[in-house]
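> Residue numbers (my numbering): 379 to 674.
The structure that follows is given in the form of structure tokens.
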């Protein structure tokens, strides 16, 4: 298994492509937008330059990694001869079902079809494929080249052979795979998103401010970043989408998104990607300046 296709050149997609290419795999990075592909390759090159500067890889390693990646705006030609497709498109169920319907038509019947979804049912996605036993979840963590974990989610019909293959592949690219069953939010987001939502509720109810909430969790719980900063990093729209998936899946009010989160997403305050969330990123990408609406 040496030929991989990654669908989606955004943050997760370019990180996944980078990781496979750096470990010697031939990668087709696919996106319908040529601009997205250019931005994605630019991000990969910047990240590789950073690794060279830190002496984690050599200049030769960088060149080899980049040479292992081809870009393509056509899904059909991009997935023609690959052994594995990793879908990393926007976290939208309708879009993912459309992509997997196309993959069912364009790919060999032996091609393993993986999704990087962080919350959507693998079993539901697999309904778009004639032989659903080859569909599996590979939930990478952001930033992909650095984070070791891969949640490997087994759908209702996923075969044990496909599970074993993805476990071995994850280990071959330096990751630590963890088997998870197919329930809303899986493990990572089922635990993480309620914590983030509760932090937003704590702010919404006036218990403490942005700085205070994040400082308590960083210094008191040894978290590398506070939950509000992390929400900004993930994207508040993504947090809202995942909470809605869990709320719909479990019908449990504890997963209902905080009204403040809903309002911020509606207003376009999405975190780092929009330049403002709980923090203001207009001057730099570090969470140093609290957004005006939350300043005391």
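Cβ coordinates follow ideal geometry from the N, Cα and C atoms, glycine included.
These numbers come from a predicted model, not from an experiment.
Please state whether DSSP places residue 611 in a helix, a strand or coil.
Correct three-state label for residue 611: helix.
> Mind checking whether residue 655 and residue 647 have CB atoms under 8 Å apart?
Yes. Within cutoff.
> Alpha carbon to alpha carbon, what distance is there between residue 585 and residue 597?
18 Å
> When you compare only the Cα positions, how much space is there between residue 665 and residue 674?
If you take the alpha carbons of residue 665 and residue 674, they lie about 17 Å apart.
> Shortest alpha-carbon distance to residue 472 belongs to which of 580, 606, 462, 506?
506
> Among the residues of its own chain, which have a CB less than 6 Å from the CB of residue 501, if the five just before and after it don't count?
533, 534, 560
> Please classify residue 599 as buried or exposed, where buried requires at least 16 neighbouring CB atoms within 10 angstroms.
exposed
> Ends of the alpha helix (DSSP H) at residue 468?
Run containing residue 468: none; DSSP gives neither H nor E here.
> Should residue 379 and residue 522 be called a contact, given that it needs their Cβ atoms to be closer than 8 Å?
no
> So the alpha helix (DSSP H) residue 399 belongs to, where does it begin and stop?
389-400
> Could you pull out every residue in the same chain whose Cβ sits closer than 7 Å to the Cβ of residue 574, ignoring the five residues on either side in sequence?
605, 608, 609, 617
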